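Working notes, structure below.
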Amino acid sequence: MSEEKVRSVDKATLELIEKAQSDKISTVFSRADEIKPCPIGVEESCCKICAMGPCRLPRSKKEEQKERRGVCGATIETVVARNFARKVAAGAASHSDHSREVVETFIKAAKGEAQGFEIKDEVKLLEVALDFGIEIENRDPKEIALELGEKALQEFGKQHGELTYIKKAPLRRQEIWRKYGVVPRGIDREVVEIMHRTHMGVDQDYKHLLLQATRCALADGWGGSMISTDLQDIMFGTPVPVLGNINLGVLKEDHVNVVVHGHEPLLPELLVVASKDPEIKAMAEKVGAKGINLAGMCCSANEVLMRHGIPCAGNFLQQELALITGAVEVMTVDVQCEMQGLKDVAECFHTRLITTSNRAKIEGADHIEFHPETGLDTAKRILKIAIENFPNRKHTVHIPAYSQDTVVGFSHETINYLLGGLFRASYRPLNDNIINGRIRGVAGVVGCNNVRTTHDSAHLTMIKELIKNDVIVLTTGCAAMACGKAGLLTPEAAAQYAGSGLAEVCEAVGIPPVLHMGACVDNSRILIAATAMVKEGGLGDDISDLPAAGAAPEWMSEKALAIGQYFVASGVFTVFGTTWPTLGSERVTRHLFEELEDMYKGKWAFEPDPEKAAKLMLEHIDKKRKALGIDKARERVLFDMAMRRALA
Ligand code: NFS
0 MSEEKVRSVD
10 KATLELIEKA
20 QSDKISTVFS
30 RADEIKPCPI
40 GVEESCCKIC
50 AMGPCRLPRS
60 KKEEQKERRG
70 VCGATIETVV
80 ARNFARKVAA
90 GAASHSDHSR
100 EVVETFIKAA
110 KGEAQGFEIK
120 DEVKLLEVAL
130 DFGIEIENRD
140 PKEIALELGE
150 KALQEFGKQH
160 GELTYIKKAP
170 LRRQEIWRKY
180 GVVPRGIDRE
190 VVEIMHRTHM
200 GVDQDYKHLL
210 LQATRCALAD
220 GWGGSMISTD
230 LQDIMFGTPV
240 PVLGNINLGV
250 LKEDHVNVVV
260 HGHEPLLPEL
270 LVVASKDPEI
280 KAMAEKVGAK
290 GINLAGMCCS
300 ANEVLMRHGI
310 PCAGNFLQQE
320 LALITGAVEV
330 MTVDVQCEMQ
340 GLKDVAECFH
350 TRLITTSNRA
360 KIEGADHIEF
370 HPETGLDTAK
380 RILKIAIENF
390 PNRKHTVHIP
400 AYSQDTVVGF
410 SHETINYLLG
420 GLFRASYRPL
430 NDNIINGRIR
440 GVAGVVGCNN
450 VRTTHDSAHL
460 TMIKELIKND
470 VIVLTTGCAA
480 MACGKAGLLT
490 PEAAAQYAGS
500 GLAEVCEAVG
510 IPPVLHMGAC
520 VDNSRILIAA
530 TAMVKEGGLG
540 DDISDLPAAG
550 AAPEWMSEKA
560 LAIGQYFVAS
570 GVFTVFGTTW
580 PTLGSERVTR
590 HLFEELEDMY
600 KGKWAFEPDP
610 EKAAKLMLEH
620 IDKKRKALGI
630 DKARERVLFD
640 MAMRRALA
């Protein structure tokens with residue numbers, strides 16, 4: 000087998016790919032063999048925005064001297080920048096529309112109209128209410144929540160001014176954004192404006208287009224995503240470290256298996272509640288099962304894993320494989336990252352695929368819509384369908400015997416508490432350990448799987464390289480699940496994989512060297528953690544001063560580009576692997592890879608080799624350490640009275 004043909008580094012995945020092959024069931028892996036990426040599209044050198052084209056403008060040796068233009072005269076820079084901006088808009092729209100659904104449910108919960116939902120974290124409610132300038136003295140939490148929900152909803156449709164959360168960023172950062180006019184006004188407005196400006200014959204200056212892409216991305220990171228994280232925490236509880244189990248081996252042959260897949264944690268939360276209902280349990284036993292086994296997939300998995308310890312069946316490239324076990328009675332899907340191929344795989348087995356969002360149907364799948372008013376009834380109905388389906392298993396069940404213990408749920412609040420203790424929660428110990436050199440820096444490694452690279456491999460190679468070099472890693476999304484499966488999310492991983500400095504800190508605090516911070520919308524937690532480090536002091540006065548870097552080594556989704564762009568615009572050096580969507584234009588690529596650093600003090604890089612990418616991140620971290628004057632390891636000296644007197 001050639002190097003490219005290694006499909007995964009995960010044994011459970013390999014086992015089921017083989018089963019799919021022998022059963023002749025089509026999966027993303029076999030389809031990827033049948034379809035080669037279009038060489039023009041992969042570089043985004045193709046314009047399809049009007050009906051005079053599509054205009055294909057490939058880079059070709061022969062034409063190197065010739066200026067490439069579409070029939071309307073659009074330059075290759077305009078074509079590539081428009082395509083990039085549209086992807087950012089789609090990514091920001093996805094996170095933000097998820098957020099809108101959360102906010103609308105939150106308002107209903109505050110009014111007592113959302114079945115099964117309540118305000119769980121009142122401390123966070125008050126904190127977030129204060130961010131929104133809401134009066135909290137002597138008020139009923141429900142009243143505060145209602146006002147918060149309504150104010151949060153306004154962030155989407157606001158036309159002027161600045162998004163509320165912009166004020167949470169370091170002051171220096173806010174100044175930079177204002178200087179370049181990229182502070183988002185309203186979440187929806189920034190998405191719409193990209194769609195307008197990229198219509199045929201509107202904005203035709205690539206740098207100007209990319210300014211709007213930045214404003215839209217910031218509306219995601221410091222807007223839509225951050226709002227959804229905060230309001231989910233208030234409704235469902237802010238995550239605290241919890242023990243979980245991950246990989247396809249979490250499915251149970253003798254249980255009714257229900258896999259929740261997608262992104263909005265609303266219905267999944269209620270499925271957790273419903274699965275514990277004695278009536279449901281009794282029904283499951285009646286059909287010969289030992290109970291209900293709820294498992295997650297993709298970011299829905301992250302949400303219920305970190306809040307309830309619900310086992311996680313796997314990440315993006317494992318979704319069809321879960322069904323190939325023949326053990327899944329029902330898979331529910333809401334929005335985002337759900338492959339249409341699931342339907343065909345489900346049909347080979349007894350599995351019922353159920354779409355649950357009014358925004359997403361799959362032809363041929365059952366559709367049972369989630370509405371907050373009747374959410375718990377819907378959850379019970381779905382579990383009953385699963386139970387009734389249990390006796391219909393028609394194939395031998397094949398569940399790979401691989402699963403791994405993990406510790407997950409490191410919210411910003413938890414890190415703060417773990418490091419500083421209950422009464423003096425702070426990032427001080429983290430900052431001190433960075434200053435004294437035990438921890439070299441911080442990296443956010445996030446994002447998807449991509450079938451064009453070996454599943455999970457780049458995540459693990461990069462992250463192991465980073466922690467070996469004493470860089471603590473914050474992770475979300477499918478990257479976090481890759482880490483979980485490989486055993487990196489346990490405190491014991493510190494001794495095994497981390498450099499001596501990082502291992503020492505992890506042991507003292509009792510944390511893993513890689514911290515699971517949640518789903519992809521929770522990348523906003525990384526922004527807040529970075530800001531807390533800045534505010535703690537000693538590491539500069541902006542996110543860009545921190546010895547920190549970001550990466551998405553196996554990205555594939557448009558959401559990843561929105562995330563990357565808001566990280567770059569927040570001052571973070573960000574490396575992507577797999578492929579890069581502006582290679583069609585050297586000038587656009589140079590703008591993103593070099594010129595953005597002059598503006599935002601953060602920039603993009605593309606490096607498909609994860610080891611080399613980790614090196615780039617380490618170099619960047621070292622550059623920042625040098626600028627801070629902490630490149631030589633220093634111990635913090637505690638002064639006794641005699642030393643103080645000598646000083647005076
Ligand atoms: Ni993020 Fe989560 Fe995974 Fe990628 Fe998809 S599940 S929101 S987009 S594939 S990390």
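The sequence shown begins at 0 in numbering that gives the first Met the number 0 and counts up one residue at a time.
In this text, a Cβ means the ideal position worked out from N, Cα and C, and glycines have one as well.
Here the structure is a predicted model, which is why all the values come from computation and not from measurement.
Here Gln564 is buried. Its C-beta has 16 or more other C-beta atoms within 10 Å. Under DSSP, Met330 takes part in a beta bridge, and its partners are Val258 and Leu352. Ala400 is not bridged by DSSP to any residue.
Less than 7 Å separates the beta-carbon of Ala385 from that of Val329.
Between Pro38 and Cys45 the beta-carbon gap is near 10 Å, outside 8 Å, which marks them as no contact. Looking at Tyr599, Glu491 and Ile361, the one whose alpha-carbon comes closest to that of Thr405 is Glu491. Per DSSP, Gly200 lies in no beta strand (DSSP E) and is assigned neither H nor E.
In terms of CA proximity to Lys625, Asn435 leads the group His307, Ser425, Ile118 and Asn435. A contact is defined here as three or more CB-CB pairs under 8 Å, and the stretch 423–442 fails this definition with respect to the stretch 564–580. Using a C-beta cut-off of 8 Å, the stretch 330–338 makes contact with the stretch 256–271, since at least three inter-stretch Cβ pairs fall below that distance. About 7 Å separates the beta carbons of Gly90 and Ser556, which is inside the 8 Å limit, making them a contact pair. The alpha-carbon separation between Gly500 and Val241 amounts to approximately 25 Å. The stretch 242–290 contains, as complete beta strand (DSSP E) runs of 3+ residues, the segments 255–260 (chain order). For Ile34, there is no enclosing beta strand (DSSP E), as DSSP marks it with neither H nor E.
Secondary structure note for Ile384: it is in no beta strand (DSSP E), and the uninterrupted alpha helix (DSSP H) holding it is Gly374 to Asn388.
Thr354 is positioned such that its CB atom lies no closer than 7 Å to that of Ala345. Contact check for Gly517 and Asn292: beta-carbon distance about 23 Å, past the 8 Å limit, so the pair fails to qualify. At least one heavy atom of the ligand NFS falls within 6 Å of the beta-carbon of Gly476.
Put simply, the stretch 590–599 does not touch the stretch 66–75. Fewer than three CB pairs are less than 8 Å apart. Distances taken from the Cβ of Lys558 to the heavy atoms of the ligand NFS include one shorter than 6 Å. In the DSSP annotation of this structure, Leu316 is not part of any alpha helix (DSSP H), being labelled neither H nor E.
Distances between the C-beta of Cys311 and the heavy atoms of the ligand NFS are all 6 Å or more. The ligand NFS has no heavy atom closer than 6 Å to the beta-carbon of Cys347. Non-local C-beta neighbours of Ala88 in its own chain, meaning closer than 7 Å and more than five positions away in sequence, comprise Val190, Ile193, Met194 and Cys215, ordered along the chain. In summary, Pro264 is buried, with 16 or more beta-carbon neighbours lying within 10 Å of its beta-carbon over all protein chains present.
Annotation for Met282: Ile386 place their beta carbon closer than 6 Å to its own, counting only its chain and skipping 5 residues before and after. Closest by C-alpha distance to Glu43, out of Gly628, Arg196, Thr588 and Ala641, is Thr588. One thing to note: Cys447 has its Cβ within 7 Å of the Cβ of Glu553.
In this chain, the beta strand (DSSP E) harbouring His515 covers Val513 to His515. Just measuring C-alpha positions, the residue of Arg177, Ile165, Tyr205 and His198 sitting nearest Ile186 is Ile165. In this structure, Phe572 has its CB at a distance of at least 6 Å from all heavy atoms of the ligand NFS. Shortest gap from the CB of Phe575 to any heavy atom of the ligand NFS: 6 Å or more. If only uninterrupted alpha helix (DSSP H) runs of at least 4 residues are considered, those enclosed by the stretch 407–446 are 411–419 and 427–434. Exclusion of the five residues before and after Val441 leaves Ile471 and Ala547 as the residues of its chain whose Cβ lies within less than 6 Å of its Cβ.
When the beta-carbon positions are compared, Val181 and Leu304 stay at least 7 Å from each other. Distances from the alpha-carbon of Ser93 to those of Gly220, Glu146 and Asn137 put Gly220 closest.
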